[in-house]
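Here the structure comes first, spelled out in structure tokens, and everything after it is commentary.
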Amino acid sequence: MSDYLHLLISVTVLLGLGSCEPVFDITDPVFIEECVREHNKHRADVKPRAADMRYMTWDEGLAVTARAWARFCLFKHNIYLREVRRVHPTFTSVGENIWAGAPYSSFKPESAVKLWKDEDQDYNYDTDQCTKVCGHYTQIVWADSYKVGCAAQACPNGVAETTFSTMPGIIFVCNYATALFFTVILYLSLAILFVFFQNSAFTSHNSDSSLFFWNSEVIFCNLNFFASHNFDFRI
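Under mature numbering (1 follows the signal peptide of the UniProt record, and there is no 0), read the sequence shown as residues -20 to -1, 1 to 215, first letter to last.
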């Protein structure tokens, strides 16, 4: 199975200008918590419900890479992402989402991640088809992405390659590991897993049994996450 890096860019522009240049710190616990929380919130709320969605946690290395690229204030993707271990010492595949907006006050991690998530309205899970732009959404809910690192950069001279490049703006970059593969489904739905449970042949082979136990562990973790966040866990 080969890696395929699918990278898309989203943009938000609001009228007005911010007067103070904000500073974002990738070690700020509040910033980290918000970025991680918003990603896991949308991962937990996919439809159909997921059986193998991994809980996402912060990765400092990914955040450092995101910060380094964001500092260019350039509305394009990191040109080094395809080079194995160029952007991270451990992960061989890294995904990326980018948001840019103006003025400074237009940015919140919550709203930026939600903009990516809202692409789900154009994505059909059953057919794995997208009618418009879905690459940000599919990266967010790729079941095997379990690490995220984000950075936001104020660009007083504007974000290059945008329609508001002469306005002070913000660029927000999130990197993910592992990157989204496009040769398999995004995640295993509960409905599909229940069919496996009902099939006696599912536990008749060692390889299938291993899959069964692995999924059971993931479901247990997800159930704990849903319970602690008051999510409605239904198909």
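Even for Gly, the Cβ is constructed at its ideal location relative to N, Cα and C.
All values derive from a computational prediction rather than experimental measurement.
| field | Collapsed DSSP secondary structure at Y117 in the structure displayed | value | Y117 sits in a helix when the DSSP states are folded into three classes.
| field | Rounded Cβ spacing between P148 and A82 (contact assumed at less than 8 Å) | value | 7 Å
| field | Given F55 as reference, the closest of V16, N77 and T107 once Cα atoms are compared | value | Comparing alpha-carbon positions, the option among V16, N77 and T107 lying closest to F55 turns out to be N77.
| request: With DSSP as the reference, please indicate the residues paired to L166 in a beta bridge. | output: Answer by DSSP bridge pairing: none, since L166 is not bridged.
| said: Am I right that V128 and H57 are in contact with their C-beta atoms under 8 Å? What's the rounded C-beta distance? | reply: Taking C-beta atoms under 8 Å as the contact rule, V128 and H57 fail to qualify, at a distance of about 16 Å.
| request: Within the same chain, show all residues whose beta-carbon is closer than 7 Å to that of A92, passing over the 5 residues directly before and after it, in chain order. | output: W79 and F152
| request: Would you mind working out which of I150, P136, L166 and V121 sits nearest Y35, comparing C-alpha positions? | output: Ranking I150, P136, L166 and V121 by Cα distance to Y35 puts V121 first.
| request: Report, in whole angstroms, the separation of the C-beta atoms of H68 and A157, which I expect to be a contact under 8 Å. | output: With 8 Å as the limit, H68 and A157 qualify as a contact, their Cβ atoms being about 7 Å apart.
| Taking the runs of the alpha helix (DSSP H) that are 4 residues or longer, which of them lie wholly in the segment 16 to 83? | 40 to 50
| task | Could you check the C-alpha separation between N137 and E1 for me, to the nearest Å? | result | 11 Å
| task | Compare the Cα-Cα distances from P89 to each of V16, A123, C53 and T37 and report the closest residue. | result | V16
| field | Reference residue 267, options T7, V26, R47 and D5, closest by Cα | value | Not covered by the structure: residue 267. The range shown for the chain is -20 to 215.
| Does DSSP put K88 in a helix, a strand or coil? | coil
| Bridge partners of F152, per DSSP? | W79 and A132
| Nearest candidate by alpha-carbon position, reference R66, set C110, G41, G115 and C135 | G41
| query | So what's W194 in DSSP terms, helix, strand or just coil? | reply | In this prediction, W194 scores a pLDDT of 36, lower than 50, which makes its location untrustworthy; the coordinate-derived value is nonetheless stated afterwards. W194 falls in the helix class under three-state DSSP.
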